Amino acid sequence: MSDLGRLLMITGAILLLLGLFLWVGPKIPWLGKLPGDITYKRDGFSFYFPLGTCILLSLILTLILYLFRK
């Protein structure tokens with residue numbers, strides 16, 4: 009049962025951080041407008057892929073998880 013409790017606590021912490029990010033994210037002006045973010049607009053169609061933002065978030069999360077493992 010202690011493994012289940014630990015899993016629930018980790019899942020709750022992840023959900024809390026995700027909620028915080030979704031709440032604060034729109035207030036960060038450069039997020040989603042980095043170099044490397046692909047935007048394609050045409051008549052009645054638009055495509056947006058935040059490649060630069062994904063890479064930055066991946067690097068930040070990798071660094072955080074690396075620090076927690078030590």
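Our numbering numbers the first residue of the sequence shown as 9 and each following residue consecutively. Think of the CB as a built atom: it goes at the ideal place given N, C-alpha and C, for glycine as much as any other residue. None of the values given here were measured: they were computed from a predicted structure.
Contact check, residue i vs residue j, beta carbons under 8 Å
i, j, result
"Leu64", "Asp45", "no"
"Gly33", "Leu39", "yes"
"Thr47", "Tyr56", "yes"
Nearest-angstrom beta carbon gap, residue j and residue i [assumed within contact, 8 Å]
i, j, result
"Thr61", "Leu42", "5 Å"
Helix, strand or coil at residue i according to DSSP, with G and I counted as helix
i, result
"Ile105", "Beyond the ends of the chain as shown, which are 9 and 78, falls residue 105; an answer cannot be given."
"Met9", "coil"
"Leu24", "helix"
"Leu39", "coil"
DSSP beta-bridge partners of residue i
i, result
"Phe55", "Tyr48"
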